[in-house]
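Okay, structure first, notes after.
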Amino acid sequence: MGIRFILMVNKQGQTRLAQYYEYLTLEERRALEGEIVRKCLARNEQQCSFIEHRNYKIVYRRYASLFFLVGVDNEENELAILEFIHLLVETMDRHFGNVCELDIMFHLEKAHFMLEEMVMNGCIVETSKTNILAPIQLMDKAS
Amino acid sequence: MSGGSGGGSGGGGPSLMDSLFQRTLDDLIKGIRLHTPGAAQSSFISKSVDEIRREIKSTDLQTKSTALQKLTYLHSLHGFDMSWAAFHAVELTSSPSFAHKKTGYLAASLSFRPSTEVLLLLTNQLRKDLSSTNQHEVSLALECLSVICTADFARDLTPDIFTLLTSSKNFIRKKSIACLLMIFSQYPDAVRVCFKRLVENLESTDNAQTLAATVGVFCELASKEPRTYLPLAPEFYRILVDSRNNWVLIKVLKIFAKLAKLEPRLAKKVVEPICDHMKRSEAKSLVFECVRTIVSSFYEYEFAVKLAVSKIKEFLLDTDLNLKYLGLQGLLLVAPNHLWAVLENKEVVIKSLSDVDRNIRLEALRLVMSMVSDDNVNEICRVLIGYALKSDPEFCNEILRSMLSTCSRNVYEIINDFDWYVSLLGEMARIPHCQNGEEIEYQLIDIGMRVKDVRPELVRVARDLLIDPALLGNPFIHRILSAAAWVSGEYVWFSKNPFEIMEALLQPRTNLLSPSIRALYIHSVFKVLSFCLHSFLLPHKPATSSSSKLVDEPDFTYSESEEEANVDLATTSSSLSKKNAFTRESMVNMLALVLTSLSPLAESHDVEIQERVRNVLGLAQLAQEEISCDLDNKEKIIDGVALKTSNLIRLINDALSEDLGPVSSSAQERVPIPDGLLLEDNLGKLDTICADVQLPISESFSLVKPVLTDVDSVSIRQNEESSETSAAESTSLLSEHRKRHGIFYLPSDNNQNASTSFPPANDPNERDNDVEDLVRLTEESLVLKRKSNLSRPRPVVVKLDEGDRLPITRAKTESNDDLISGAVRDVLLGDENSPPAPAPHSKVEKSEIGDSSRRKSKHRKEKKHQNVEESKQKSGGRHGRHKARQRADEGINVAVQIQKPVIPDFLL
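First to last, the sequence lines map onto chains A and B.
Quick note: the first sequence, position 120, residue 120 per UniProt numbering, numbers continuous.
Quick note: the second sequence, position 43, residue 43 per UniProt numbering, numbers continuous.
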């Protein structure tokens with residue numbers, strides 16, 4: 001399983017989206033998020049975007065006030081994950097128009113829906129923005 | 001007002017008002033944001049949860065859906081338990097409205113766990129949605145299934161997934177493929193049904209996304225058991241050459257990294273296309289994947305490695321820190337097979353040791369450690385200690401840790417000069433930030449037991465640590481001090497001045513130690529005392545003689561007078577300081593010191609300390625009697641009582657000087673089980689009795705290692721506190737001590753290393769040109785010349801027959817992976833058995849399969865099993881239909897399948 005979890009966290013360390021591809025209990029999740037977020041927030045722009053934590057590699061990227069963190073296993077290609085994060089942000093940008101923290105907060109279900117289109121079982125299955133957004137646009141039209 | 005009554009009705013069902021004035025998710029989020037984090041917010045949230053509990057029971061699906069939405073939000077972002085609402089989520093998935101269904105499925109996939117009780121209720125709904133004509137409903141079900149799949153789901157829904165694998169809609173097909181991975185891992189038998197269709201999707205070139213999903217699945221499968229997928233190499237090869245999708249290529253490269261190790265002919269074939277990608281691609285991710293594949297699996301191909309290293313160099317020199325980091329990682333992968341690549345880039349590596357980014361520093365450190373060999377270990381360690389002193393505490397300890405682990409690798413394989421290494425360990429202990437006390441403690445003792453020749457130096461290092469009262473103030477190195485104390489006691493006959501050791505062991509500041517370590521100190525006092533008494537009372541032998549000799553020579557001439565004995569000692573002892581060591585006066589002083597220092601501790605609350613103190617006091621009193629009566633009346637020296645005492649002391653000393661050796665961690669397994677010992681007896685009751693007793697971590701050397709319990713850590717903390725509070729007191733004590741025992745303090749400017757003449761590791765003068773030093777050193781050492789003559793031969797290191805320090809308990813992982821690959825093998829090789837293979841391939845086939853006749857026979861057996869299963873499945877109506885279609889497909893597949901079992905000639 002390539003991707004194990006995806007987190008979106010703001011500058012204050014509050015989780016704005018959490019998607020896990022393996023089962024962890026609530027306590028484990030909370031502990032994991034706390035540790036990772038603390039590590040990432042302590043780093044600055046002059047430092048690289050990868051950290052090792054427990055048996056995960058964390059690839060993260062900061063967009064304005066929001067951190068996108070992806071936990072992967074050791075085999076995964078870090079640069080590809082960085083590209084994936086960028087693709088995710090671009091996709092959200094296209095849908096929300098200059099996406100910000102609040103968009104994700106108030107449209108959590110949509111954000112999950114986009115992720116589900118892009119990633120299944122920890123594998124990236126869709127990389128075309130149009131394809132990712134097609135079902136969501138359909139839904140928006142219907143409602 | 002009715003809203004208020006609705007709120008007050010508590011546990012009852014939802015009122016109409018609840019539905020009408022229900023808070024939406026937006027309201028909830030806004031509300032949370034309005035309240036300041038802390039008490040206000042959490043009370044708001046718990047109020048909202050109460051509302052949700054009511055609303056979710058509503059018969060109105062919209063109300064229920066909104067409630068579930070809110071609950072999912074709170075669960076996912078605020079960590080609220082929502083397992084109680086599982087049934088409602090299942091209920092919503094059956095809603096005719098797509099939006100409600102979506103909410104239900106999202107809640108299920110975010111919150112369900114394998115133990116969720118209502119899980120099975122979802123099976124039917126999933127099946128219904130999987131066969132829905134609306135592709136978005138199918139997609140919802142697939143996505144949910146890929147997260148929450150259990151063995152039951154997988155077994156029940158495999159036929160449905162099987163159908164979807166040939167869906168004409170790519171949208172569905174790719175998702176059902178991605179879902180397969182979960183199905184396989186939960187229910188390996190699904191492989192027999194679905195694998196062929198999965199392979200077909202590998203061959204389809206019409207849709208990039210389907211291919212990406214398929215390759216992703218194979219990448220995961222192959223990472224667990226690559227050999228099984230060798231027959232598919234031609235397909236992967238085609239994708240490697242044809243595909244222009246970087247995501248797919250990266251996955252295929254990962255697969256080849258695994259396969260190439262198994263089949264050298266395959267490696268030869270694919271190395272070219274990989275190099276092509278590396279040269280041509282613009283995408284750094286793909287280039288890096290090529291580099292990683294080459295250096296980890298294709299390191300025998302010189303030209304490919306050269307190309308990869310040149311790419312690594314580009315990465316290292318890039319301004320993008322991510323690329324630099326990955327470059328270092330790539331270099332680390334090259335290092336084991338091509339050290340020249342590290343050498344080429346060593347300047348970057350060594351400069352990276354002082355990078356601002358800790359992760360980059362760590363990678364650089366790992367690389368430096370990979371350069372270490374037995375020729376340059378001294379110099380590199382010296383420079384690294386310099387870095388450690390300059391770095392922040394965290395990285396300093398990282399450096400120390402990697403030095404310790406590199407040097408101790410394979411039972412100190414790279415260490416030739418143990419005297420130097422032991423003194424290095426002593427240096428490490430003195431680094432202010434050092435927190436590796438435990439490892440240093442272990443190594444000091446371990447080396448003492450394994451390497452006989454180093455013991456004199458070890459005792460010297462231990463002495464230097466023990467007599468420095470300042471070190472006692474740092475709780476992090478107490479463990480090291482305990483090792484030093486043990487060494488000083490155990491090998492006391494190497495000591496130049498046992499009296500000095502005795503004073504060090506009894507110095508007042510030892511009260512800063514934790515009880516277990518203090519007990520060890522006191523036990524060392526016992527050993528030193530018994531050694532001194534023995535030397536004093538039975539002095540005809542040189543003190544440095546080994547323990548075995550002491551035991552072997554029974555005819556000691558005890559009756560000689562004391563003066564003669566001293567002369568005797570002086571002539572035999574090589575050590576100058578021992579000449580006048582064991583005078584009566586000094587012994588009397590020592591006994592007095594022991595008695596005055598330890599008497600107060602005889603009532604200690606710690607049983608370990610108390611017991612050991614009593615041992616020492618007993619011996620001291622016994623000796624005091626003997627010596628004082630000796631003083632009173634010299635003629636009575638050979639009276640019965642005295643003789644008895646001396647015999648006793650001799651016995652004790654003999655017992656203590658028995659050599660302790662390293663113990664293999666599996667030693668106990670080799671002890672034959674005595675008759676009448678019931679190991680299988682039921683100890684179940686014991687568990688319940690001991691449930692709340694925390695067992696200490698077992699250590700390999702129980703004799704030596706103080707068991708660290710909770711009490712221990714607490715007391716360390718207490719010590720810390722007390723040392724803080726009485727800082728002023730301790731400094732005054734320290735200066736007093738310095739006045740009294742001035743000779744024991746090491747002069748700060750010139751180290752008294754005359755006997756060994758090692759350069760001090762942390763010489764401030766040498767720190768400035770660290771980088772140049774290290775660059776020069778690695779250069780020298782990497783020119784692969786052996787030092788022609790070592791200054792001294794490497795001492796014997798006692799090794800146990802099996803891997804030392806390696807935990808032998810490797811858990812046997814008999815898992816689903818084996819089952820999956822077994823089933824895959826059946827499917828892949830299945831057709832090769834029945835129809836005769838075409839002529840051109842038969843020869844290769846033999847060479848390929850020849851070595852695995854066992855596998856074949858096994859699989860034939862399983863094939864039978866499969867047939868049984870097939871007939872069983874045929875009886876199930878729906879399932880039989882799929883089966884029939886599958887068999888129809890097989891007709892077409894045969895041609896492909898026949899070629900698949902082995903790698904066709906074009907690859908070889």
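All C-beta atoms, glycine included, are put in the ideal place defined by N, C-alpha and C.
Same chain only: Cβ atoms within 8 Å of residue i, ignoring 5 sequence neighbours per side
{"i": "B/R127", "result": "D156, L157, D160"}
{"i": "A/R135", "result": "Residue identity check: residue 135 of chain A is Pro in the sequence provided, not Arg. For A/P135, where only same-chain residues beyond five positions count, the Cβ hits under 8 Å are F113, E117."}
{"i": "A/K57", "result": "F50, I51, G71, V72, D73, N74, E76, E78"}
{"i": "B/M82", "result": "L71, T72, L74, H75, A107, S111"}
{"i": "B/V248", "result": "A208, L211, A212, V215, I239"}
{"i": "A/F68", "result": "I6, L7, M8, Y60, R61, R62, I85, L88, V89"}
For residue i, the first and last residue of its enclosing beta strand (DSSP E)
{"i": "B/H534", "result": "That residue, B/H534, is in no beta strand (DSSP E); its alpha helix (DSSP H) goes 515 to 537."}
{"i": "A/I6", "result": "3 to 10"}
Residue i beta carbon near the ligand SAM (any heavy atom closer than 6 Å)
{"i": "B/L353", "result": "Absence of the ligand SAM from the depicted structure is noted, as is the absence of any ligand whatsoever, leaving it without description."}
Same chain only: Cβ atoms within 6 Å of residue i, ignoring 5 sequence neighbours per side
{"i": "A/M92", "result": "V99"}
{"i": "A/Y20", "result": "F5"}
{"i": "B/K858", "result": "Low confidence applies here, because B/K858 scores a pLDDT of 44, under 50, leaving its location unreliable; read the following figure in that light. Correct list: empty, nothing qualifies."}
{"i": "B/E553", "result": "Confidence is the limiting factor: at B/E553 the pLDDT is only 38, short of 50, which leaves the residue's position unreliable, though a coordinate-based value still follows. Here the set comprises nothing."}
{"i": "B/I716", "result": "Residue placement at B/I716 is flagged as unreliable, the pLDDT there being 46, under the threshold of 50; the coordinate-derived value follows with that caveat. Counting only Cβ-Cβ distances below 6 Å, and skipping sequence neighbours, we find P475, S514."}
Best match in the options for proximity to residue i [C-alpha to C-alpha]
{"i": "B/P96", "options": "B/F476, B/K224, B/D81, B/E137", "result": "B/E137"}
{"i": "B/E117", "options": "B/E143, B/S132, B/A86", "result": "B/A86"}
{"i": "B/V616", "options": "B/C194, B/V671, B/C532, B/S664", "result": "B/C532"}
{"i": "B/L286", "options": "A/E83, A/F67, A/R30", "result": "A/E83"}
{"i": "B/F395", "options": "B/I440, B/H433, B/P264", "result": "B/H433"}
{"i": "B/L175", "options": "B/F153, B/Y187, B/L140", "result": "Contrary to the premise, residue 175 of chain B reads as Lys rather than Leu in this sequence. If we check each option's Cα against that of B/K175, B/L140 comes out closest."}
{"i": "A/Q47", "options": "B/V451, B/I501, B/N359", "result": "B/N359"}
{"i": "B/E503", "options": "B/L513, B/L471, B/I177, B/M590", "result": "B/M590"}
{"i": "B/I627", "options": "B/H534, B/H605, B/K269, B/G676", "result": "B/H534"}
{"i": "B/A283", "options": "B/V295, B/I250, B/E263", "result": "B/I250"}
{"i": "A/R62", "options": "A/E22, A/R94, A/M8, A/I36", "result": "A/M8"}
{"i": "B/S48", "options": "B/T150, B/P674, B/A267, B/T66", "result": "B/T66"}
{"i": "B/S168", "options": "B/Q186, B/V147, B/N201", "result": "B/N201"}
{"i": "B/E585", "options": "B/L651, B/L619, B/F499", "result": "B/F499"}
Opposing strand residues paired with residue i [DSSP bridges]
{"i": "A/A18", "result": "A/L7"}
{"i": "A/I58", "result": "A/I51, A/G71"}
{"i": "A/I85", "result": "DSSP output for A/I85 lists no bridge partner at all."}
{"i": "A/M120", "result": "A/C123"}
{"i": "B/L331", "result": "Answer is none; B/L331 lacks a bridge partner."}
{"i": "B/Y73", "result": "Beta-bridge pairing links B/Y73 to no other residue."}
{"i": "A/L66", "result": "A/N10, A/Y63"}
Close beta carbons around residue i, own chain, < 7 Å, minus the five adjacent residues each side
{"i": "B/Q41", "result": "I32, H35"}
{"i": "B/T293", "result": "L253, F256, A257, I274"}
{"i": "B/A485", "result": "L466, L505, L520, Y521, S524"}
{"i": "B/K311", "result": "M278, V287, V291"}
{"i": "B/Q866", "result": "Below a pLDDT of 50, predicted positions are generally treated as unreliable, and B/Q866, at 47, falls in that range; the measurement from the model is reported next regardless. Hits under 7 Å: R192, D826."}
Residue i: first and last residue of the uninterrupted alpha helix (DSSP H) it sits in
{"i": "B/I255", "result": "246 to 259"}
{"i": "B/R794", "result": "That residue, B/R794, is in no alpha helix (DSSP H); it is neither H nor E in DSSP."}
{"i": "B/S132", "result": "That residue, B/S132, is in no alpha helix (DSSP H); it is neither H nor E in DSSP."}
{"i": "B/D675", "result": "It is not in any alpha helix (DSSP H) - B/D675 carries neither H nor E in the DSSP assignment."}
{"i": "B/H605", "result": "From DSSP, B/H605 is part of no alpha helix (DSSP H); its letter is neither H nor E."}
Exercise for the section: Scan the region 237 to 252 of chain B for residues whose Cβ lies nearer than 7 Å to a Cβ of chain A and list them as they occur along the chain. Expected result: W247, I250
Exercise for the section: With 7 Å as the limit, tell me which residues of the region 98 to 122 of chain A have their beta carbon closer than that to any beta carbon of chain B; keep them in chain order. Expected result: M105, F106, L108, E109, H112, E116, M120, N121
Exercise for the section: Select from the region 63 to 94 of chain B all residues with a C-beta closer than 9 Å to any C-beta belonging to chain A, and list them in chain order. Expected result: Q69, T72, Y73, H75, S76, L77, H78, G79, F80, D81
Handout entry: Where the region 180 to 198 of chain B meets chain A: residues whose CB sits under 8 Å from a CB there
Key = L181, M182
Problem - Chain-ordered residues of the region 284 to 304 of chain B with a beta carbon less than 9 Å from chain A - result: K284, S285, L286, V287, F288, E289, R292
Handout entry: Selection of the region 136 to 160 of chain B by Cβ proximity to chain A, strictly under 8 Å
Key = H136, S139, L142, E143, S146, V147
Problem - the region 32 to 54 of chain A: positions lying closer than 7 Å to chain B by Cβ - result: Q46, Q47, C48, S49, F50, I51
Exercise for the section: May I ask you to list, following chain order, the residues of the region 201 to 215 of chain B that have a beta carbon less than 7 Å from some beta carbon of chain A? Expected result: Q209, A212, A213
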